[in-house]
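J.:
Number of protein chains: 2
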Amino acid sequence: MINKEEYRTRILLTASRIFSHYGFKKTTMEEISRALKKGKSSIYYYFGSKEEIFEAVVLYEANQLRTQLRAAMKEVDSPTDKLRNYIFVRMRAFEKLSNYYNAVFDKNLDHYEFIEKIRSKYDREELAILRLLVYLGNSRGIFDVKDSEYTAMAIQTMLKGMEVPLFWRRREIDINNRLNAILNLIFDGINKRP
Amino acid sequence: MINKEEYRTRILLTASRIFSHYGFKKTTMEEISRALKKGKSSIYYYFGSKEEIFEAVVLYEANQLRTQLRAAMKEVDSPTDKLRNYIFVRMRAFEKLSNYYNAVFDKNLDHYEFIEKIRSKYDREELAILRLLVYLGNSRGIFDVKDSEYTAMAIQTMLKGMEVPLFWRRREIDINNRLNAILNLIFDGINKRP
DNA sequence: GAAATTGTAGACCAATCGGGTCGGAAATTC
DNA sequence: GAATTTCCGACCCGATTGGTCTACAATTTC
Chain A
0 MINKEEYRTR
10 ILLTASRIFS
20 HYGFKKTTME
30 EISRALKKGK
40 SSIYYYFGSK
50 EEIFEAVVLY
60 EANQLRTQLR
70 AAMKEVDSPT
80 DKLRNYIFVR
90 MRAFEKLSNY
100 YNAVFDKNLD
110 HYEFIEKIRS
120 KYDREELAIL
130 RLLVYLGNSR
140 GIFDVKDSEY
150 TAMAIQTMLK
160 GMEVPLFWRR
170 REIDINNRLN
180 AILNLIFDGI
190 NKRP
Chain B
0 MINKEEYRTR
10 ILLTASRIFS
20 HYGFKKTTME
30 EISRALKKGK
40 SSIYYYFGSK
50 EEIFEAVVLY
60 EANQLRTQLR
70 AAMKEVDSPT
80 DKLRNYIFVR
90 MRAFEKLSNY
100 YNAVFDKNLD
110 HYEFIEKIRS
120 KYDREELAIL
130 RLLVYLGNSR
140 GIFDVKDSEY
150 TAMAIQTMLK
160 GMEVPLFWRR
170 REIDINNRLN
180 AILNLIFDGI
190 NKRP
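For the record, the sequence lines run as chains A and B.
According to numbering that gives the first Met the number 0, the first sequence is numbered sequentially starting from 0.
According to numbering that gives the first Met the number 0, the second sequence is numbered sequentially starting from 0.
(1) Which word fits glycine 140 of chain A, buried or exposed, when buried means at least 16 other C-beta atoms lie within 10 angstroms of its C-beta?
(2) So, leucine 64 of chain B versus alanine 92 of chain B, is the Cβ gap smaller than 7 Å?
(3) I think proline 78 of chain A touches leucine 35 of chain A, with their Cβ atoms under 8 Å apart; what is that distance to the nearest whole Å?
(4) Hey, serine 41 of chain B and serine 48 of chain B are a contact pair by Cβ (cut 8 Å); roughly how many whole angstroms apart?
(5) Go through its chain and collect everything with a Cβ distance to methionine 72 of chain B's Cβ below 7 Å, but skip five positions before and after it.
(6) If you measure beta-carbon to beta-carbon, which residues of the region 11-42 of chain A are closer than 7 Å to chain B?
(7) Compare the Cα-Cα distances from lysine 120 of chain B to each of B:Asn62, B:Arg7, B:Ile154, B:Asp76 and report the closest residue.
(8) Would you mind stating whether methionine 28 of chain A and lysine 39 of chain A have Cβ atoms separated by less than 7 Å?
(9) Using three-state DSSP, classify phenylalanine 142 of chain B as helix, strand or coil.
(10) Can you tell me which of the three DSSP states phenylalanine 53 of chain A falls into?
(11) Might you give, ordered along the chain, the residues of its own chain that have their beta carbon closer than 6 Å to the beta carbon of alanine 55 of chain A, omitting 5 neighbours on each side?
(12) For glutamate 125 of chain B, does the count of other Cβ atoms within 10 angstroms reach 16, so buried, or fall short, so exposed?
(13) Just to check my reading of the structure: glutamate 60 of chain A and serine 15 of chain A have Cβ atoms closer than 8 Å, yes? What is that Cβ distance to the nearest angstrom?
(14) Identify which residue in A:Ile185, A:Thr66, A:Glu74, A:Phe142 has its Cα closest to the Cα of threonine 156 of chain A.
(15) Taking DSSP as the reference, what is the three-state secondary structure of aspartate 76 of chain B?
(16) Helix, strand or coil for serine 15 of chain A per DSSP?
(17) Taking the Cβ atom as the reference point for each residue, do alanine 151 of chain B and leucine 129 of chain B lie within a distance shorter than 7 Å?
(18) By the 10 Å Cβ neighbour count, where 16 or more other Cβ atoms means buried, how is serine 26 of chain A classified, buried or exposed?
(19) Out of curiosity, what's the CA-to-CA distance linking leucine 182 of chain B and methionine 161 of chain B?
(20) Give me the Cα-Cα distance between glutamate 4 of chain B and leucine 178 of chain A, rounded to the nearest whole angstrom.
(21) Check asparagine 2 of chain A in the structure and name its three-state DSSP category.
(22) Using CA atoms only, rank isn't needed, just tell me which of B:Ser138, B:Tyr45, B:Leu131 is closest to glutamate 148 of chain B.
(23) Going by CA-CA distance only, name the one from B:Lys116, B:Met90, B:Ala127 that's closest to lysine 159 of chain B.
(24) In whole angstroms, what is the alpha-carbon distance linking alanine 127 of chain B and glycine 22 of chain A?
(25) Exposed or buried, tyrosine 45 of chain A, counting other C-beta atoms within 10 Å across all chains shown (16 or more means buried)?
Below you can see the structure in the form of structure tokens.
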């Protein structure tokens with residue numbers, strides 16, 4: 000290992016994989032260390048606690064998501080497509096991350112606060128993006144909304160609404176359908192009628 | 000609940016879902032009972048132990064697989080397609096069941112024996128099916144093999160070979176490719192050259 | 001409607017698990 | 001070869017968990 004930071008990242012990536020599958024509680028330090036072919040105590044040389052690893056993972060995943068979203072939006076040009084891509088990538092990501100949430104909401108309210116902090120920061124970012132997209136579409140004459148701010152908030156509310164059944168109940172089939180329905184709703188309510 | 004057997008099945012189905020996700024060890028009785036909205040001790044009225052539930056689940060899944068395989072083979076007519084369908088369904092099933100195996104191989108060699116018993120019985124069934132398919136294709140003039148028995152065994156060996164990386168390493172991407180490669184290999188080596 | 005049976009669950013127990021510590025052994029650096 | 005960095009086996013101790021037991025609903029039987 001060349002330096003400490005690099006190894007921290009390696010641990011983080013491994014832990015992330017296991018966390019995302021089993022959730023926080025069911026993932027053991029022994030497991031993480033075994034996957035890294037290291038002794039359990041060695042991990043403690045790089046991270047102070049299991050929670051610390053978890054926080055690092057969440058932070059990492061948040062940045063990861065940010066990058067993905069940026070890429071997905073860059074991929075297309077029209078505000079419609081940008082918004083569509085944004086929503087798809089976002090929901091897919093949350094779907095994948097549902098195990099983290101299961102873990103967090105399990106009992107330990109300690110993490111809850113931490114997650115909420117990241118969450119609220121992320122919410123603000125998201126709102127800004129949505130606002131921009133709505134504004135952009137509006138000024139290009141594709142959308143027709145009075146107030147970008149509140150429309151953006153409304154969209155965000157819908158997205159948040161979709162998270163709940165995603166995390167708390169297990170449906171595999173209709174996620175895509177529901178996503179498309181949401182998208183149709185948004186666009187049919189937002190597109191300028193010809 | 001009308002009768003005991005029916006409730007046993009309900010428990011079994013619920014447990015199956017949780018086992019398949021978390022594996023034997025990480026699944027707790029409390030979890031199973033909570034999912035059933037029952038007290039933990041109530042479960043022990045229907046099953047003697049966690050292992051007993053696990054065994055019932057494995058048995059159930061084995062029968063499930065049997066049914067699926069039968070259906071997949073009935074779906075098509077030519078021996079080629081039957082064999083192709085058989086292999087696809089089989090490998091997909093094993094992929095899904097990998098968590099059970101992870102659980103079993105974890106440490107507890109107690110289960111190992113039980114699983115091996117089911118396994119060997121299943122292996123014999125599988126061999127019979129493969130033998131029949133090869134024989135069928137042969138007699139229809141589609142295949143051209145000398146010895147159905149040994150050819151069937153060879154195919155089974157290949158299938159078993161595919162299980163290993165499936166369970167022990169985590170690849171998502173190339174499973175399909177490898178499956179197709181295996182199929183091509185089997186058929187190109189088996190089809191009568193025109 | 002009493003008695004027996006079937007089903008449920010809370011309190012509890014013993015064993016194991018698992019996060020975390022510590023002292024010191026390897027390995028690496030200087 | 002001393003100092004520093006990295007690693008780990010052994011241990012600690014509180015939490016978890018499979019399983020038991022008893023009391024007690026609910027239902028069925030008589």
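Even glycine gets a Cβ: it sits at the ideal position worked out from N, Cα and C.
T.: According to the structure shown:
(1) Within the first sequence, the letter at position 141 stands for residue 140 of chain A. Label assigned to glycine 140 of chain A: exposed.
(2) If you number the second sequence from 1, residue 64 of chain B lands on position 65. If you number the second sequence from 1, residue 92 of chain B lands on position 93. Result yes, Cβ atoms of leucine 64 of chain B and alanine 92 of chain B sit closer than 7 Å.
(3) On the first sequence, residue 78 of chain A is found 79 positions in, with the first residue counted as 1. On the first sequence, residue 35 of chain A is found 36 positions in, with the first residue counted as 1. Between leucine 35 of chain A and proline 78 of chain A the Cβ distance is about 44 Å, and since that is not below 8 Å, they are no contact.
(4) Looking up residue 41 of chain B in the second sequence gives position 42. Looking up residue 48 of chain B in the second sequence gives position 49. The beta-carbon separation of serine 41 of chain B and serine 48 of chain B, rounded to 14 Å, does not stay under the 8 Å limit for a contact.
(5) Walking along the second sequence from the start, residue 72 of chain B turns up at place 73. For methionine 72 of chain B, where only same-chain residues beyond five positions count, the Cβ hits under 7 Å are Lys81, Asn84, Tyr85.
(6) When CB distances to chain B are screened at a threshold of 7 Å, the residues of the region 11-42 of chain A falling below it are Tyr21, Lys25, in chain order.
(7) Within the second sequence, the letter at position 121 stands for residue 120 of chain B. Out of B:Asn62, B:Arg7, B:Ile154, B:Asp76, the CA that lies nearest to the CA of lysine 120 of chain B is found in B:Asn62.
(8) Against the first sequence, residue 28 of chain A aligns to sequence position 29. Against the first sequence, residue 39 of chain A aligns to sequence position 40. Result yes, Cβ atoms of methionine 28 of chain A and lysine 39 of chain A sit closer than 7 Å.
(9) Residue numbering aside, residue 142 of chain B sits at position 143 when the second sequence is read from its first letter. In the structure shown, phenylalanine 142 of chain B falls within a strand segment according to DSSP collapsed to helix, strand and coil.
(10) Locating residue 53 of chain A in the first sequence gives position 54, counting from the first residue. In the structure shown, phenylalanine 53 of chain A sits in a helix (DSSP, three-state: H, G or I).
(11) Locating residue 55 of chain A in the first sequence gives position 56, counting from the first residue. So the qualifying residues of the chain are Leu11.
(12) For this step, residue 125 of chain B is matched to residue 126 along the second sequence. By the neighbour-count rule (16 or more Cβ atoms within 10 Å), glutamate 125 of chain B is buried.
(13) Taking the first residue of the first sequence as position 1, residue 60 of chain A is located at position 61. Taking the first residue of the first sequence as position 1, residue 15 of chain A is located at position 16. At roughly 7 Å, the Cβ-Cβ gap stays under 8 Å, so glutamate 60 of chain A and serine 15 of chain A are in contact.
(14) Numbered from 1 along the first sequence, position 157 holds the residue referred to as residue 156 of chain A. When each option's Cα is compared against that of threonine 156 of chain A, the closest is A:Ile185.
(15) The sequence position of residue 76 of chain B within the second sequence is 77, counting from 1. Of the three classes helix, strand and coil, the one that applies to aspartate 76 of chain B here is coil, per DSSP.
(16) One-based indexing of the first sequence puts residue 15 of chain A at position 16. In the structure shown, serine 15 of chain A sits in a helix (DSSP, three-state: H, G or I).
(17) Counting from 1 along the second sequence, the entry for residue 151 of chain B is found at position 152. Counting from 1 along the second sequence, the entry for residue 129 of chain B is found at position 130. Yes. Within cutoff.
(18) Translated into positions along the first sequence, residue 26 of chain A becomes position 27. The sequence shown places threonine at residue 26 of chain A, rather than the serine named in the question. Answer is buried; the Cβ neighbour count reaches 16.
(19) If you number the second sequence from 1, residue 182 of chain B lands on position 183. If you number the second sequence from 1, residue 161 of chain B lands on position 162. Their backbone Cα atoms lie some 12 Å apart in a straight line.
(20) Within the second sequence, numbered from 1, the residue matching residue 4 of chain B stands at position 5. Within the first sequence, numbered from 1, the residue matching residue 178 of chain A stands at position 179. So the two alpha carbons sit approximately 40 Å from each other.
(21) As a first step, residue 2 of chain A is located in the first sequence; it is residue number 3 there, counting from the start. It is coil, neither helix nor strand.
(22) Against the second sequence, residue 148 of chain B aligns to sequence position 149. It is B:Leu131.
(23) Along the second sequence, read from residue 1 onward, the residue named residue 159 of chain B stands at position 160. Considering only alpha carbons, the answer is B:Met90.
(24) The count along the second sequence starts at 1 and reaches residue 127 of chain B at position 128. The count along the first sequence starts at 1 and reaches residue 22 of chain A at position 23. The alpha-carbon of alanine 127 of chain B is positioned some 42 Å away from that of glycine 22 of chain A.
(25) Locating residue 45 of chain A in the first sequence gives position 46, counting from the first residue. So tyrosine 45 of chain A ends up on the buried side.
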